[in-house]
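Residue numbers (this note's numbering): 20 to 108. To start, the structure under review is shown below, and the notes come after it.
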């Protein structure tokens, strides 16, 4: 049996998986190094987008992290099935 279950988790998967919902907050409390890695990845993403001249609605990695943890949608965002969410109909 996976030892993660003994920590009180109901599912075992990727730490920080968006499909885990609010459980991610607890995962990052247990494994803070993963939160730091996600923030580092978001920072790199932003710098590459800026270098490529692409639009960003975020100003810092913390902005991306908060958006991602709260499962927010932004205009033009694609959903799991390839449609756009957050756009007026």
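Here a beta-carbon is modelled for each residue, glycine too, at the ideal position from N, C-alpha and C.
Requested in this report: Answer with buried or exposed for residue 141, where buried requires no fewer than 16 other C-beta atoms within 10 angstroms of its C-beta.
Outcome: Shown here, the chain extends from 20 to 108; a query on residue 141 therefore has no answer.
**Report entry** Distance between residue 79 and residue 62 (C-alpha atoms, nearest Å)
**Finding:** Within the chain shown, the letter at position 43 stands for residue 62. Within the chain shown, the letter at position 60 stands for residue 79. Using only the alpha carbons, I get a separation of about 7 angstroms.
Requested in this report: List the endpoints of the continuous alpha helix (DSSP H) containing residue 81.
Outcome: What you label residue 81 is simply residue 62 of the chain shown in a count that begins at 1. Under the DSSP assignment, residue 81 falls in the alpha helix (DSSP H) whose first and last residues are 80-88.
Query raised in the report: Start and end of the alpha helix (DSSP H) containing residue 51?
Result: The count along the chain shown starts at 1 and reaches residue 51 at position 32. Start and end: 51-70.
**Report entry** Through-space distance from residue 22 to residue 86, alpha-carbon basis
**Finding:** What you label residue 86 is simply residue 67 of the chain shown in a count that begins at 1. What you label residue 22 is simply residue 3 of the chain shown in a count that begins at 1. Near 30 angstroms, if we compare the C-alpha coordinates of residue 22 and residue 86.
Query - Inter-residue spacing [alpha-carbon to alpha-carbon] between residue 27 and residue 42 - result: Indexing the chain shown from 1 puts residue 27 at position 8. Indexing the chain shown from 1 puts residue 42 at position 23. Going by C-alpha positions, residue 27 is about 11 angstroms away from residue 42.
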